[in-house]
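Participant: Top line first, the protein sequences correspond to chains A and B.
Counting along the first sequence from 1, when you hit position 164 you're at 164 in this note's numbering, and nothing is skipped either side.
Just add 1000 to wherever you are in the second sequence, counting from 1, and you've got this note's numbering.
There are 2 protein chains.
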Amino acid sequence: MTPQQTSRREQNKLDTRRAIAQAALDLARSEGLGAFTAEHIAERANISRRTFFNYFHSAEEALSVSTEAFLDQAEAELAKRPADEPILDAMIQALAATTKVENLQDCGDLFRMAAGNPDLLGTQLLAWERAEARIISAVEERLEGQASSLYIHALVGSLLSCAKAAMREWASSENPDHDAAQTLENHIVTTLTMLRDGFSHPTL
Amino acid sequence: MTPQQTSRREQNKLDTRRAIAQAALDLARSEGLGAFTAEHIAERANISRRTFFNYFHSAEEALSVSTEAFLDQAEAELAKRPADEPILDAMIQALAATTKVENLQDCGDLFRMAAGNPDLLGTQLLAWERAEARIISAVEERLEGQASSLYIHALVGSLLSCAKAAMREWASSENPDHDAAQTLENHIVTTLTMLRDGFSHPTL
DNA sequence: TGAATAACTTGCACGATGTGCAAACTTGCA
DNA sequence: TGCAAGTTTGCACATCGTGCAAGTTATTCA
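Set out below in structure tokens:
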């Protein structure tokens, strides 16, 4: 009786979820954004339209799975950092580590696609917003009473804005698979260091 | 022949736009978010459903008019600052000045409402995102060649995140009309000063 | 001033969205 | 094996967002 962490049921759901996300990404690449419907995704994933909506609220949400994975990683990495490390150094290390995420390339593609599609962009922004809320809770616990609510919200918001800026810069330049992860990591460290030390002096 | 800057046509359109926005806000307050349709708004504004969609893409967008006004104000104030002022000081002054915007109270209400409604939140985030793009362009012109694209994107993103944090703090506390604008301005100056000098040392 | 023109509003139709509901089907467990 | 709980599916329905063409209002200019 191998104590499977994931029962057959849970595994099936995860598989279906992955299949849907993959189908959505395939369609986005082959047909173009907004050129396909929830029904098309369902068809390609071999499920009914109704089941699609049991998993996701919209086509855009199905596309955002990789982005969510990236953000979950950020949250998890931050939780790993030692409690006595200065908060900004912990953040730099945590965000730098996210570049090792599974499907980094998909994140870049999504980021580029979102730039030209308000619907997708809105969904992605919501994903970042939800992640922000989770990270704020984590930081609040970590700094228990040592910082004001205003400080924490401003800090975490800026943290994610810097990460976003880093991703944009990374995703917008043609990366001839020249160690993409390393490039992104450099951008992240650059922006977060500015955040830590102040934006007064632009480090070109 | 008084040289009217706004022709009758333009004025009518503006009036209609305002009427729709007002109708949407009224309904949101009286019925609750998500408890009314585009058709309801149109009815209350005395126009057809079709005309509503000529002005806005969705009910949420009609609600975001005050937020857009606030962000436009921020952009305009920044453009007013002298060109030789250090960029971060210019930003602090500009954002602080936005608190004099017409319908600040509506902005606060909207902000609170959005916290509990993903659709509205998504629309508001898009509005902030569009404003961010415009401000980035303005800053790029201002710093012409003196700063990297990465620096500018990270800075402006963080700027708006700090402003958002300030608004959240301001909107979430019961303000018994105790000079609301001043309270918000204080929060903005606090967060932007941290952005300028670095987040290393939490100023409680 | 009055006809021609441009801009705006409206109704209609249509494909797509997102969700409640109940009937089928699958899995877990005694 | 067979029942309880969880999942998928089809169907119906209200709503959305937009193209289109016909109607209405503002503007222009002869």
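The beta-carbon is built from N, C-alpha and C at its ideal position, and this holds for glycine as well.
Keep in mind that this is a model prediction, so the values were computed, not measured.
(1) Relative to chain A, which residues along the stretch 1136-1148 of chain B have a C-beta separation below 9 Å, given in chain order?
(2) Alpha carbon to alpha carbon, how far is B/Phe1199 from B/Ala1042? Give it in angstroms, no decimals.
(3) Quick check: the Cα distance between B/Leu1014 and A/Asn46, rounded to an integer number of angstroms?
(4) With H, G and I counted as helix, E and B as strand and the rest as coil, what does DSSP make of A/Asn186?
(5) Figure out for me which residue from A/Glu39, A/Asp119, A/Phe56 and A/Arg142 has the closest Cα to the Cα of A/Ile87.
(6) Can you tell me the Cβ-Cβ gap for A/Ala209 and A/Glu68, rounded? I've got them flagged as a contact below 8 Å.
(7) Ends of the alpha helix (DSSP H) at A/Asp84?
(8) For A/Ala38 and A/Ala59, which I take to be in contact (beta-carbon distance under 8 Å), what is that distance rounded to the nearest angstrom?
(9) Quick check: the Cα distance between A/Gln5 and A/Asn12, rounded to an integer number of angstroms?
(10) Can you check whether the C-beta of A/Asp72 is within less than 8 Å of a C-beta belonging to chain B?
(11) Take every Cβ of the stretch 1184-1191 of chain B, pair it with every Cβ of the stretch 1146-1157 of chain B, and state whether three or more of those distances are shorter than 8 Å.
(12) State the Cα-Cα distance for the pair B/Asn960 and B/Ala1180, rounded to the nearest angstrom.
(13) Restricting to Cα atoms, I'd like to know which of B/Arg1017, B/Ala1114 and B/Ile1135 is closest to A/Glu129.
(14) Using CA atoms only, rank isn't needed, just tell me which of B/His1201, B/His1057 and B/Leu1033 is closest to A/Gln146.
(15) Hey, does A/Ala165 have any beta-carbon neighbour from chain B nearer than 8 Å?
(16) With a threshold of 8 Å between beta-carbons, can A/Ala62 be considered close to chain B, or not?
(17) Against chain B, does A/Gly116 count as a neighbour if the rule is that its beta carbon must be under 8 Å from one of theirs?
(18) If we define contact as Cβ-Cβ less than 8 Å, is B/Ala1045 a contact residue for chain A?
(19) Checking 8 Å against the spacing of the C-beta atoms, do A/Leu27 and A/Arg44 come in under that value?
(20) Measuring alpha carbon to alpha carbon, tell me which of A/His57, A/Gly116, A/Phe70 and A/Ser137 ends up nearest A/Ala97.
(21) Give every residue of the same chain whose Cβ lies closer than 8 Å to the Cβ of A/Gly108, excluding the five residues on either side of it in the sequence, and list them in chain order.
(22) List, in chain order, every chain A residue whose beta-carbon is nearer than 7 Å to that of B/Thr1190.
(23) Tell me whether A/Glu10 is buried or exposed, calling it buried when 16 or more other Cβ atoms sit within 10 Å of its Cβ.
(24) Please classify A/Ser30 as buried or exposed, where buried requires at least 16 neighbouring CB atoms within 10 angstroms.
(25) Rounded to whole angstroms, what's the CA-CA distance from B/Ser1158 to B/Ser1048? Just pull it up for me.
(26) Looking at the secondary structure, which residues open and close the alpha helix (DSSP H) in which B/His1178 lies?
(27) Compute the distance between the beta-carbons of B/Gly1106 and B/Leu1160, then report whether it is under 8 Å.
(28) Using a Cβ-Cβ distance under 8 Å, would A/Leu195 count as near chain B?
(29) Got a sec? Which residues, its chain only, sit under 6 Å from B/Met1194 by beta carbon, not counting five neighbours each side?
(30) So, helix, strand or coil for B/His1201, using DSSP?
(31) If you follow the alpha helix (DSSP H) that A/Leu125 is in, where does it begin and where does it stop?
(32) Rounded to whole angstroms, what's the CA-CA distance from A/Thr205 to A/Phe36? Just pull it up for me.
(33) Look at B/Ala1163 and B/Leu1095 and say whether their C-beta atoms are less than 8 Å apart.
(34) Could you tell me whether any Cβ in chain A is nearer than 8 Å to the Cβ of B/Gly1000?
Facilitator: Result, derived from the coordinates:
(1) Sequence-ordered contacts of the stretch 1136-1148 of chain B with chain A read Leu1143, Gln1146, Ala1147 and Ser1148 [C-beta pairs closer than 9 Å].
(2) The alpha-carbon of B/Ala1042 is positioned some 47 Å away from that of B/Phe1199.
(3) One alpha carbon belongs to B/Leu1014, the other to A/Asn46, and they sit about 49 Å apart.
(4) A/Asn186 carries a helical assignment under DSSP once its states are collapsed to helix, strand and coil.
(5) Relative to the Cα of A/Ile87, the nearest Cα in the group A/Glu39, A/Asp119, A/Phe56 and A/Arg142 belongs to A/Arg142.
(6) Missing from the structure shown is residue 209 of chain A; chain A here goes from 1 to 204 and no further.
(7) No alpha helix (DSSP H) contains A/Asp84, which DSSP labels as neither H nor E.
(8) Right, the Cβ-Cβ distance comes to about 5 Å (below 8 Å), so this counts as a contact.
(9) Reliability fails at A/Gln5, whose pLDDT of 48 lies under 50, so the model's placement of it is uncertain and no value is given.
(10) For A/Asp72, the closest Cβ of chain B is not nearer than 8 Å.
(11) Under the three-pair Cβ rule at 8 Å, the stretch 1184-1191 of chain B does not count as touching the stretch 1146-1157 of chain B.
(12) In the structure as shown, chain B begins at 1001 and stops at 1204. Residue 960 of chain B is therefore absent and cannot be evaluated.
(13) Of the candidates B/Arg1017, B/Ala1114 and B/Ile1135, B/Ala1114 places its Cα closest to the Cα of A/Glu129.
(14) Out of B/His1201, B/His1057 and B/Leu1033, B/His1201 has the C-alpha closest to the C-alpha of A/Gln146.
(15) Cβ-Cβ to chain B under 8 Å: yes for A/Ala165.
(16) It does not; no Cβ of chain B falls within 8 Å.
(17) So, not an interface residue.
(18) So, not an interface residue.
(19) Between A/Leu27 and A/Arg44, the CB-CB gap stays under 8 Å.
(20) The shortest C-alpha separation from A/Ala97 is found at A/Phe70.
(21) Spatial neighbours of A/Gly108 in its own chain (CB-CB distance under 8 Å, excluding positions within 5 residues in sequence) are listed in chain order as Met167, Trp170, Ala171, Asn175 and Ala180.
(22) Identification of chain A residues near B/Thr1190 by a Cβ-Cβ cut-off of 7 Å yields Leu150, ordered along the chain.
(23) Its Cβ having fewer than 16 others within 10 Å, A/Glu10 is exposed.
(24) It counts as exposed.
(25) One alpha carbon belongs to B/Ser1158, the other to B/Ser1048, and they sit about 41 Å apart.
(26) From DSSP, B/His1178 is part of no alpha helix (DSSP H); its letter is neither H nor E.
(27) Per the sequence shown, the amino acid found at residue 1106 of chain B is Asp instead of Gly. For B/Asp1106 and B/Leu1160, no; Cβs fall outside 8 Å.
(28) Between A/Leu195 and chain B, the shortest Cβ-Cβ separation is below 8 Å.
(29) Closer than 6 Å at the Cβ level, and outside the excluded window around B/Met1194, lies no residue.
(30) Three-state DSSP puts B/His1201 in coil, outside helix and strand.
(31) Unbroken alpha helix (DSSP H) run through A/Leu125: Pro118 to Arg142.
(32) Examination of residue 205 of chain A is not possible in this model, given that chain A is present from 1 through 204 alone.
(33) Taking 8 Å as the cut-off, the beta carbon of B/Ala1163 is found closer than this to the beta carbon of B/Leu1095.
(34) Here chain B covers residues 1001 to 1204 and nothing more, so residue 1000 of chain B does not appear.
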